[in-house]
Amino acid sequence: MRFLDEFKAFIARGNVVDLAVGVVIGAAFGKIVSALVDGLVMPVIAMATGGVRVDQWKVVLKPAMLDAAGKVATPEVALKYGAVLQATLDFLIIAFVIFLVLRAYNRLRKPAEDAPAAPPEDVVLLTEIRDLLKAKSVTPP
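Using the working numbering, read the sequence shown as starting at 79 and increasing by one per residue.
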């Protein structure tokens with residue numbers, strides 16, 4: 079049972095729950111960004127490049143071999159750099175949007191005016207003792 083108790087304590091910590099929520103929201107946000115890139119950005123790039131989709135860009139190292147019936151006997155060997163380029167574009171858009179959100183959050187959060195920290199109790203006590211001693215030495219007997 080000790081293992082289960084430790085696991086419960088681990089899960090019950092606030093930062094684990096916050097992390098789980100962040101992962102779920104991040105996954106949903108990633109889908110939104112992918113849809114944005116696939117639906118809006120990539121068609122514009124495809125139009126500019128003559129209708130070729132970026133994720134299909136590749137360098138063929140060995141072309142596919144067809145049999146007599148016209149079916150692929152051995153598939154092509156290719157470096158598919160377009161998929162990497164598209165994933166990089168997805169990442170950059172996600173990173174930029176997160177940057178904008180954090181920037182807005184930090185501006186709205188405006189740190190409170192740094193109030194002077196209260197001195198520790200021992201310093202307060204020593205200050206009171208000093209003041210009492212000064213008062214006794216100044217006051218005539």
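Glycine is no exception: its CB is placed at the ideal position from the N, C-alpha and C atoms. Bear in mind that the values here come from a model prediction, so they are computed numbers and not experimental data.
Restricting to Cα atoms, I'd like to know which of the options is closest to residue i.
i, options, result
"P141", "V150, L97 and F81", "V150"
"F169", "P194, A196, Y183 and F107", "F107"
"D116", "F81, P153 and L163", "L163"
"L139", "A147, V155 and F177", "V155"
"M120", "R185, A165, L204 and K158", "A165"
Quick one: is residue i buried, meaning 16 or more other Cβ sit within 10 Å of its Cβ, or exposed?
i, result
"D133", "buried"
"V137", "exposed"
If we call anything under 7 angstroms between Cβ atoms a contact, is residue i one with residue j?
i, j, result
"V94", "I171", "no"
Every unbroken alpha helix (DSSP H) within the region 80-138, with a cutoff of 4 residues, ordered by chain
Runs of the alpha helix (DSSP H) inside the region 80-138: 80-90, 92-114 and 120-126.
Quick check for students: name the residue ranges of the beta strand (DSSP E) that lie wholly in the region 149-218, counting only runs of 3 or more.
The beta strand (DSSP E) runs of length 3 or more contained entirely in the region 149-218 are, from start to end of the chain, 150-152 and 155-157.
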